[in-house]
Amino acid sequence: MRRFILSRILQAILVMLAVSVIVFFLGRLSGDPTDILLPHDASEESHERLRDHLGLDEPLHVQYWIFLTDTLQGDFGESVKSQRPVMELVKEKWPATLELTGAAIFISLLIALPVGVYSAVRRGGFFDFLARLLAVFGQSIPSFWLGIMLIYIFAVPQFGWAIFPTHGRGEDGLWDHIHHLILPAFTMGWYLSAGIMRLTRSSMLEVLDSDYVKLARIKGVPEYKVIWKHGFKNAALPVLTYSVMIFALVLGGTVITEMVFAWPGMGRMVVDAVYARDFPVVQTTVLLLSAVFVFANLLVDILYSYLNPKIRIAR
Amino acid sequence: MSALLDVQNLKTYYFARRGVVKAVDGVSFSIDQGETLGLVGESGCGKTMTCHSILKLLPKPGGRIVEGQVLFEGEDLVLKTERQMRRIRGAKISMILQDSMTSLNPAYTIENQVGEVFAIHQKLKGRALKEKVIEALKLVKIPAAETRLRAFPHQMSGGMRQRVAGAIALGAKPSLIIADEPTTALDVTIQAQYLNLLKEIQAETGVAMMFVTHDLGVVARMCDKVAVMYAGRIVEKAEMKDLFRHPRHPYTIGLLACLPKMDAELDKLVSIPGQPPDLGALPDGCHFAPRCPECMEICKQKYPEERLARDEHYVSCWLVEK
Ligand SMILES: Nc1ncnc2c1ncn2[C@@H]1O[C@H](COP(=O)(O)OP(=O)(O)OP(=O)(O)O)[C@@H](O)[C@H]1O
Ligand code: SF4
Ligand SMILES: [Mg+2]
Numbered sequence: 157m158r159r160f161i162l163s164r165i166l167q168a169i170l171v172m173l174a175v176s177v178i179v180f181f182l183g184r185l186s187g188d189p190t191d192i193l194l195p196h197d198a199s200e201e202s203h204e205r206l207r208d209h210l211g212l213d214e215p216l217h218v219q220y221w222i223f224l225t226d227t228l229q230g231d232f233g234e235s236v237k238s239q240r241p242v243m244e245l246v247k248e249k250w251p252a253t254l255e256l257t258g259a260a261i262f263i264s265l266l267i268a269l270p271v272g273v274y275s276a277v278r279r280g281g282f283f284d285f286l287a288r289l290l291a292v293f294g295q296s297i298p299s300f301w302l303g304i305m306l307i308y309i310f311a312v313p314q315f316g317w318a319i320f321p322t323h324g325r326g327e328d329g330l331w332d333h334i335h336h337l338i339l340p341a342f343t344m345g346w347y348l349s350a351g352i353m354r355l356t357r358s359s360m361l362e363v364l365d366s367d368y369v370k371l372a373r374i375k376g377v378p379e380y381k382v383i384w385k386h387g388f389k390n391a392a393l394p395v396l397t398y399s400v401m402i403f404a405l406v407l408g409g410t411v412i413t414e415m416v417f418a419w420p421g422m423g424r425m426v427v428d429a430v431y432a433r434d435f436p437v438v439q440t441t442v443l444l445l446s447a448v449f450v451f452a453n454l455l456v457d458i459l460y461s462y463l464n465p466k467i468r469i470a471r
Numbered sequence: 039m040s041a042l043l044d045v046q047n048l049k050t051y052y053f054a055r056r057g058v059v060k061a062v063d064g065v066s067f068s069i070d071q072g073e074t075l076g077l078v079g080e081s082g083c084g085k086t087m088t089c090h091s092i093l094k095l096l097p098k099p100g101g102r103i104v105e106g107q108v109l110f111e112g113e114d115l116v117l118k119t120e121r122q123m124r125r126i127r128g129a130k131i132s133m134i135l136q137d138s139m140t141s142l143n144p145a146y147t148i149e150n151q152v153g154e155v156f157a158i159h160q161k162l163k164g165r166a167l168k169e170k171v172i173e174a175l176k177l178v179k180i181p182a183a184e185t186r187l188r189a190f191p192h193q194m195s196g197g198m199r200q201r202v203a204g205a206i207a208l209g210a211k212p213s214l215i216i217a218d219e220p221t222t223a224l225d226v227t228i229q230a231q232y233l234n235l236l237k238e239i240q241a242e243t244g245v246a247m248m249f250v251t252h253d254l255g256v257v258a259r260m261c262d263k264v265a266v267m268y269a270g271r272i273v274e275k276a277e278m279k280d281l282f283r284h285p286r287h288p289y290t291i292g293l294l295a296c297l298p299k300m301d302a303e304l305d306k307l308v309s310i311p312g313q314p315p316d317l318g319a320l321p322d323g324c325h326f327a328p329r330c331p332e333c334m335e336i337c338k339q340k341y342p343e344e345r346l347a348r349d350e351h352y353v354s355c356w357l358v359e360k
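In structure tokens, the structure reads:
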């Protein structure tokens with residue numbers, strides 16, 4: 157078990173190294189940042205001086221080495237454009253994106269797991285029927301419409317109750333954060349929960365049909381334990397993978413959406429930085445995003461080996 | 039003395055969308071303390087459904103006991119609530135399934151799965167629980183039992199896994215175990231070992247057995263009594279030796295005709311031409327009529343009531359006079 161986890165961590169480190177190489181050299185391919193930073197008619201001499209100042213005059217492999225060692229020491233450099241430390245920029249945008257995505261996944265699991273499990277347990281019954289109907293709604297209602305409806309019902313006093321704020325992120329304290337999160341996270345989570353619920357249901361159906369669930373009942377195991385101990389632990393594997401993948405996808409999707417709508421989050425920042433050839437910002441944000449993916453994968457692997465002991469031995 | 043298990047006119051139907059499958063259609067038999075009954079018959083004749091009816095673990099939704107009694111230690115299980123049944127399952131009646139590859143939970147250790155029986159029925163914990171688990175593993179002669187506690191099912195051989203299944207079934211000292219083709223998934227040599235083991239444990243503990251099988255060789259070796267099932271009903275039942283020497287029902291005779299090849303499986307034998315009827319659309323008369331070499335006019339019209347052919351030997355066939 158310990159060896160398995162160690163080898164997985166080693167793999168994760170190697171992946172991150174590869175990512176750092178790729179992001180570094182691809183960035184350099186986009187051209188010379190001094191072309192953008194300096195006025196059109198700047199002299200070759202001032203280009204030279206700025207390159208020297210930014211450390212771009214060193215050979216590439218030396219630059220990479222500096223970048224790598226600095227990054228490992230937690231020094232992510234300064235934005236070429238705004239002169240501010242990259243970490244400061246990231247710290248401004250990152251939490252908003254992560255918070256919303258995380259809360260959305262959490263809410264979708266909160267809805268989807270119990271509903272999926274009991275929908276499978278009561279296969280063909282009224283609850284199952286209702287749950288599947290809701291799943292169809294979940295996926296066919298456009299998120300923006302659901303969001304607007306929720307705002308009408310829960311945030312506008314003329315139409316419903318003004319229980320939640322209509323927009324923006326919480327600022328003071330945990331409760332304020334949660335208060336602001338609930339509507340947007342529910343809007344996003346509702347949509348995601350349909351898929352997770354379906355997968356949970358089908359995975360549970362298969363497991364509930366298995367001999368070991370039958371044997372658990374033969375042993376006289378109480379029904380809730382049959383379902384959660386013997387059933388769900390085996391059914392959770394595909395659900396878990398799917399949820400983590402969704403998390404990564406949504407995170408990526410959020411970045412794209414922010415980009416399209418000029419939302420002042422991470423995504424927007426990355427794109428701006430790419431255009432400005434702001435290498436430190438690009439490198440750090442891409443590295444961070446990949447770190448999330450890699451870490452998510454690592455987490456799945458470790459959870460997997462806990463859920464399914466066969467994996468520990470086989471690899 | 040009344041029987042340990044007395045099943046009377048049990049009818050278990052499966053209500054599917056397409057219609058009613060009469061999987062068990064008026065079955066009666068009894069098992070005494072410490073006795074072994076063999077239940078034989080072709081695939082799909084309702085053997086497993088009969089076993090599950092006794093434990094009241096029927097496929098949901100759709101499976102239902104519609105008539106009859108299952109008297110266990112004098113009490114009718116059909117009338118018991120799910121809660122009451124849970125106290126009986128695993129403690130007084132338990133079951134060994136066909137394939138231990140699929141019947142043990144891949145996500146839990148042997149200790150956890152065997153221990154569950156004692157945790158539920160005897161409320162044991164910690165040290166005492168562990169000792170009980172080791173004792174149960176020793177009962178089924180698992181070598182170095184202490185070292186197997188932390189093992190997972192996939193780390194054991196098929197034979198060992200089936201022994202673990204045996205430990206789960208026998209651990210809480212039930213008075214009846216139902217074994218639904220427990221050796222079909224094992225190699226021939228391992229099969230023989232496993233059957234011997236069950237015999238030994240039975241001699242030691244006095245547990246009664248209901249032994250479901252395709253294999254008449256196994257019946258000859260394991261059973262005191264035999265019930266032959268065909269298309270949801272028992273067509274002949276008798277003492278084991280009596281049945282082998284004096285079979286009366288043409289279906290039983292057909293089965294026994296293959297006896298020289300004792301360990302051949304019934305399914306693979308072509309000695310009885312034709313297919314068993316669809317349990318969703320049974321013929322009016324004798325269910326075996328379409329395949330019976332002795333079929334008469336009356337056979338196609340009326341199902342033959344069960345008759346006593348000789349002592350403790352019952353047959354459902356028009357050939358047998360009252
Ligand atoms: N879950 C189910 N859904 C629908 N029909 C079922 C179900 N389980 C059993 N049946 C039907 O009930 C009948 C009896 O099945 P059962 O499993 O008891 O046969 P069996 O004698 O144990 O056969 P085998 O030797 O193959 O195990 C079969 O004809 C089958 O079609
Ligand atoms: S009742 Fe008739 S058809 Fe049925 S087994 Fe007897 S002889 Fe054959
Ligand atoms: Mg069966």
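Residue numbers (the working numbering), protein chains in the order written: chain L, 157 to 471; chain U, 39 to 360.
For glycine and all other residues, C-beta sits at the position ideal for the given N, C-alpha and C.
Ordered along the chain, which non-local residues of its own chain (more than five positions away) have a Cβ less than 6 Å from that of residue i?
i                         : result
aspartate 280 of chain U  : His351
proline 314 of chain U    : Glu80, Ala269
methionine 300 of chain U : For methionine 300 of chain U, the predicted structure reports a pLDDT of 48, less than 50, and the residue's modelled location is therefore unreliable. The matter cannot be settled from this model.
glycine 244 of chain U    : Gly72
arginine 471 of chain L   : Any reading at arginine 471 of chain L must be qualified, since the residue scores a pLDDT of 36, below 50, and its modelled position is unreliable; the value itself is stated next. Taken in chain order, the list of residues that qualify is empty.
To the nearest angstrom, report how far apart residue i and residue j are at their CA atoms.
i                         : j                         : result
methionine 172 of chain L : serine 446 of chain L     : 7 Å
isoleucine 472 of chain L : tyrosine 51 of chain U    : Lying before the first or after the last residue shown, residue 472 of chain L is absent from chain L, which here runs from 157 to 471.
valine 175 of chain L     : valine 236 of chain L     : 21 Å
threonine 185 of chain U  : threonine 147 of chain U  : 12 Å
leucine 77 of chain U     : histidine 284 of chain U  : 17 Å
arginine 201 of chain U   : alanine 157 of chain U    : 20 Å
aspartate 225 of chain U  : serine 195 of chain U     : 11 Å
serine 186 of chain L     : histidine 336 of chain L  : 40 Å
threonine 119 of chain U  : isoleucine 126 of chain U : 11 Å
alanine 198 of chain L    : arginine 159 of chain L   : 58 Å
isoleucine 165 of chain L : methionine 305 of chain L : 44 Å
isoleucine 103 of chain U : valine 406 of chain L     : 50 Å
isoleucine 192 of chain L : aspartate 231 of chain L  : 24 Å
tryptophan 384 of chain L : threonine 140 of chain U  : 18 Å
Is the beta carbon of residue j closer than 7 Å to that of residue i?
i                            : j                         : result
alanine 203 of chain U       : isoleucine 134 of chain U : yes
phenylalanine 110 of chain U : leucine 208 of chain U    : no
lysine 49 of chain U         : glycine 72 of chain U     : no
valine 58 of chain U         : methionine 87 of chain U  : no
proline 191 of chain U       : isoleucine 131 of chain U : no
glycine 153 of chain U       : valine 171 of chain U     : yes
arginine 386 of chain U      : alanine 217 of chain U    : Not covered by the structure: residue 386 of chain U. The range shown for chain U is 39 to 360.
glutamine 46 of chain U      : glutamine 107 of chain U  : yes
glutamate 277 of chain U     : valine 266 of chain U     : no
How would you list, in chain order, the residues of chain L whose beta-carbon sits under 7 Å from the beta-carbon of residue i?
i                         : result
methionine 133 of chain U : Ile374
glycine 128 of chain U    : Ile374, Lys375, Gly376
aspartate 137 of chain U  : Asp367
For residue i, I'd like the list of residues in its chain whose CB is within less than 7 Å of its CB, leaving aside the five on either flank, ordered along the chain.
i                        : result
valine 450 of chain L    : Ala168, Val171, Met172
threonine 190 of chain L : His203, Leu206, Arg207
proline 394 of chain L   : Leu355, Ser359
lysine 316 of chain L    : According to the sequence displayed, residue 316 of chain L carries glycine and not lysine. Excluding residues within five positions, the ones whose Cβ falls inside 7 Å are Tyr308, Ile309, Phe310.
Looking only at its chain, what residues have a beta carbon closer than 8 Å to the beta carbon of residue i, apart from the 5 residues adjacent to it on each side?
i                       : result
valine 308 of chain U   : Confidence is the limiting factor: at valine 308 of chain U the pLDDT is only 48, short of 50, which leaves the residue's position unreliable and the question unanswerable from this model.
leucine 444 of chain L  : Val246, Trp250
threonine 74 of chain U : Gln240, Ala246, Met247, Met248, Phe249, Met260, Cys261, Asp262, Lys263
leucine 455 of chain L  : Val400
proline 321 of chain U  : Pro315, Ala327, Pro328, Lys338
Chain L partners of residue i, CB-CB under 9 Å?
i                       : result
arginine 124 of chain U : Arg373, Gly376, Val377, Pro378, Glu379
Could you work out which residues of chain U lie near residue i, taking near to mean beta carbons separated by less than 8 Å?
i                         : result
tyrosine 368 of chain L   : Thr140, Ser141, Leu142, Asn143, Pro144
leucine 463 of chain L    : Ala145
asparagine 390 of chain L : Asn143, Pro144, Ala145
Give the residues of chain L in contact with residue i, contact being defined as C-beta atoms less than 8 Å apart.
i                         : result
isoleucine 158 of chain U : Lys375, Gly376, Val377, Pro378
isoleucine 206 of chain U : Leu371, Lys375
Just to make sure I have the definition right: I need the residues of chain U whose C-beta is within less than 9 Å of the C-beta of residue i. Which are they?
i                        : result
histidine 323 of chain L : Those within 9 Å of histidine 323 of chain L in chain U number zero; the least Cβ separation is about 45 Å.
Any residues in the stretch 144-156 of chain U with a beta carbon nearer than 7 Å to a beta carbon of chain L? Which ones, in chain order?
Pro144, Ala145, Glu154, Val155
Report the residues of the stretch 78-102 of chain U with a CB closer than 7 Å to any CB of chain L, ordered along the chain.
The residues in question are Leu93, Leu95, Pro99.
At a CB distance below 7 Å, what residues from the stretch 267-299 of chain L approach chain U? Give them in sequence order.
Gly280
Anything in the stretch 63-78 of chain U with a Cβ closer than 7 Å to a Cβ of chain L? List those residues in chain order, please.
none
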